[in-house]
Amino acid sequence: ESLLQNELNVLEKSDIYMNPETIKEYSNLRELVSSRISNVKSEELLVEQDVNSKLSHITRLENQISNLSNDIESTNASINDVKNRISKLDEVVNSNTRDVDNFTNHRNELLSQLKQNEKESLILNGELNDINTLLRDIGDDKRRSNYDIKLNEAIDTMKRIFTGVHGRLIDLINPIQKKYNIAVTVAVGKHMDAIVVDTKQIAYECIKYLKDQRIGICTFLPLNNIVSTTIPDRLRNFGSKYKLCVDLVDCLDVYKPVVNYAIGSTIVADTLDDAQELCFQRFEKVKVVTMIGSVISKTGAMTGGTVMSKSSNRFDEKELENLYKRQKDIENKLSLLSNNNIIKQNILDFDVQIKSLQTKINFSKSDIEINQEKLNNLLNQIKNKEGLLRNVKNELVKAVNEKDSAVNNLNILKNQIIQVENEIFSTFSKKLGIDNIRIYE
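Residues 4 to 444, numbered by the numbering used here, are exactly what the sequence shown covers, in order.
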């Protein structure tokens with residue numbers, strides 16, 4: 004009765020009115036419908052549950068797609084950040100590498116300049132030493148000029164006191180041409196200032212005189228005691244580039260034994276190459292002197308040439324002035340080259356800068372490797388997530404299709420129920436003046 008009262012209350016609020024008998028008839032018809040559609044209704048319930056399950060599954064897939072899309076977007080943002088970081092690091096590496104190359108080029112230029120300066124300094128110092136030595140020799144000759152004066156006075160005195168004193172060998176001989184002055188001077192060597200006398204006895208008396216007068220020590224060449232070897236004629240047949248030194252000396256016949264003793268079989272060559280050719284290629288065991296004073300002994304030993312000699316050249320004021328000018332010029336150049344310490348410091352500064360930049364480059368490259376590895380990991384993540392996203396979307400399409408199929412089945416079942424309801428409630432609905440019972444319900 005309570006249920007019927009509730010239904011009446013509903014009908015009173017609508018345009019449809021049913022008395023208790025009508026309601027009872029409705030209930031009986033409804034029970035009939037229920038008995039007729041019980042199997043369909045059970046199937047409808049199952050299908051509806053399946054539809055709801057598929058809708059829940061679709062919702063989960065849509066949420067998963069949304070989360071994956073957001074995750075991929077975030078990962079892509081991280082990838083862009085890492086790529087920008089790598090790009091900036093590459094710019095740093097390239098910039099620092101350019102600076103290293105630039106500094107290295109400057110350093111190499113300075114190093115080349117330093118080596119050139121050191122080489123030039125070495126050459127200039129060598130030339131300066133030669134000039135200084137030459138100037139000292141000139142000074143020594145000037146200082147010895149007083150000694151020479153005394154010696155010459157002593158020789159003149161000895162000539163008056165002792166019979167058979169001829170004088171110094173340098174005063175008794177002359178090269179046949181001026182161009183042979185140096186070669187003859189070197190060939191004669193220490194005997195240039197030796198005093199030529201007739202006998203050993205006269206030499207002893209002269210030595211005692213010089214000692215008494217405190218003139219100094221001199222070498223004496225007694226003519227009667229000089230043993231000169233015969234010079235082979237073949238030495239005169241070596242060619243036009245070679246001259247027998249004794250043939251280049253002009254002197255009285257009486258002094259030729261002394262000249263032969265002092266010079267011997269010495270050969271004068273035009274150049275050092277000619278001298279080397281004779282000694283080392285033609286294997287002639289002779290002493291050779293070049294025109295500029297270089298010497299190759301019989302044993303093959305080589306010594307530098309004498310540039311000038313007190314007995315072979317006499318400097319005039321012009322030559323001396325040129326020497327002083329060259330000396331000053333070299334000293335000025337050496338002064339300009341004295342900035343080698345500054346160059347060395349600049350090289351060290353470049354080394355420090357290059358090392359610092361190289362360290363930065365190494366750190367940047369290491370950072371690039373780390374970020375590149377991070378980028379590769381992110382790209383792999385993107386690849387996996389995009390693959391997963393495609394799979395989820397495919398699964399979503401499948402789920403939607405399955406849901407649509409289930410909904411279609413559900414609608415078919417609902418239509419079956421409606422058909423049964425329409426069939427059973429057809430007369431009842433017409434009695435109430437409605438199209439179907441669902442309006443009433």
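Even glycine gets a Cβ: it sits at the ideal position worked out from N, Cα and C.
Beta-bridge pairing of residue i - partner residues as DSSP gives them
i      : result
Leu416 : Looking at the DSSP assignment, Leu416 forms no beta bridge with any residue, so it has no partner.
Pro178 : Val252
Arg171 : Ile198
Ala409 : Beta-bridge pairing links Ala409 to no other residue.
Ala272 : Tyr245, Thr293
Thr306 : Val298
Cutoff 7 Å; reference residue i; Cβ partners in own chain excluding five residues on either side
i      : result
Lys406 : Val54, Lys57, Leu58, Ile61
Val36  : Val423, Glu424, Ile427
Val199 : His169, Gly170, Leu172, Leu175, Leu224, Leu226, Tyr258, Val261
Leu64  : Val395, Glu398, Leu399, Ala402
Thr107 : Ile357
Lys417 : Glu47
Thr100 : Ile364
Glu123 : Leu340
Separation of residue j from residue i, as counted between CA atoms
i      : j      : result
Phe447 : Leu113 : Nothing can be reported for residue 447, as the shown portion of the chain is limited to 4 through 444.
Ile427 : Leu49  : 24 Å
Arg88  : Asn380 : 15 Å
Val187 : Ser300 : 15 Å
Gly267 : Leu154 : 27 Å
Asn22  : Val410 : 38 Å
Ile158 : Cys221 : 11 Å
Ile442 : Val403 : 32 Å
Val43  : Ser77  : 50 Å
Arg285 : Asn228 : 35 Å
Asp215 : Met195 : 24 Å
Phe160 : Tyr245 : Before going on, a small fix: residue 160 reads as Thr here, not Phe. The straight-line gap from Cα to Cα measures roughly 41 Å.
Asn434 : Ile420 : A quick correction: the sequence has Lys, not Asn, at residue 434. So the alpha carbons of these two residues sit roughly 21 Å apart.
Thr362 : Asp104 : 14 Å
Leu238 : Thr232 : 13 Å
Lys118 : Ile357 : 21 Å
Thr306 : Ile295 : 12 Å
Ile218 : Ala206 : 15 Å
Ser429 : Ser69  : 50 Å
Leu213 : Leu138 : 30 Å
Asp253 : Gly192 : 17 Å
Asp84  : Arg393 : 25 Å
Arg163 : Ile126 : 53 Å
Residue i, buried or exposed, once every other Cβ within 10 Å from all chains shown has been counted against 16
i      : result
Leu281 : buried
Glu424 : buried
Tyr277 : Sequence inspection shows Asp at residue 277; the Tyr mentioned does not correspond to that position. Label assigned to Asp277: buried.
Lys290 : buried
Tyr3   : Residue 3 lies beyond the residue range present for the chain, which begins at 4 and ends at 444; the question has no answer from this structure.
Ala304 : exposed
Ala190 : buried
Leu360 : buried
Ile440 : buried
Ser297 : buried
Tyr355 : A small correction: the amino acid at residue 355 is Val; Tyr does not occupy that position in the sequence shown. Its Cβ having fewer than 16 others within 10 Å, Val355 is exposed.
Ala80  : exposed
Glu156 : exposed
Glu94  : exposed
Val249 : buried
Leu247 : buried
Phe241 : buried
Contacts around residue i, its chain only, beta-carbon distance under 8 Å, and the 5 residues preceding and following it disregarded
i      : result
Thr293 : Ala186, Val271, Ala272, Asp273, Thr274, Leu275, Asp277, Ala278, Gly308
Leu391 : Leu71
Asp74  : Lys388
Lys86  : Leu378
Val96  : Ile364, Ser367, Lys368, Ile371
Glu121 : Asn343
Leu255 : Leu175
Glu28  : Phe431
Thr202 : Gly167, Pro225, Leu226, Asn227, Asn228
Ile346 : Leu113, Gln116, Leu117, Asn120
Cβ shell of residue i (< 6 Å), same chain only, five flanking positions each side left out
i      : result
Ile234 : Ser268
Gln325 : Checking the displayed sequence, the identity of residue 325 turns out to be Asn instead of Gln. Same-chain partners within the cutoff: there are none.
Cys209 : Met161
Arg110 : Ile350, Phe353
Contact test: residue i Cβ vs the ligand ADP heavy atom, cutoff 8 Å
i     : result
Thr78 : Inclusion of the ligand ADP in the displayed structure is not the case, the ligand content being empty and no account of it being possible.
Query - alpha helix (DSSP H) runs contained entirely in the segment 182 to 270, provided each spans 4 or more residues - result: Taken in chain order, the unbroken stretches of alpha helix (DSSP H) that lie wholly in the segment 182 to 270 and span 4 residues or more are 184 to 191, 203 to 216, 259 to 266.
Query raised in the report: Which full runs of the beta strand (DSSP E) of 3+ residues lie inside the segment 102 to 131, going along the chain?
Result: Unbroken beta strand (DSSP E) stretches of 3 residues or longer found wholly inside the segment 102 to 131: none.
Report task. Would you mind listing the alpha helix (DSSP H) stretches within the segment 18 to 56 that are 4+ residues and don't spill past its ends, in chain order? Result -> If we require 4 residues or more, the alpha helix (DSSP H) runs fully inside the segment 18 to 56 come out as 23 to 39.
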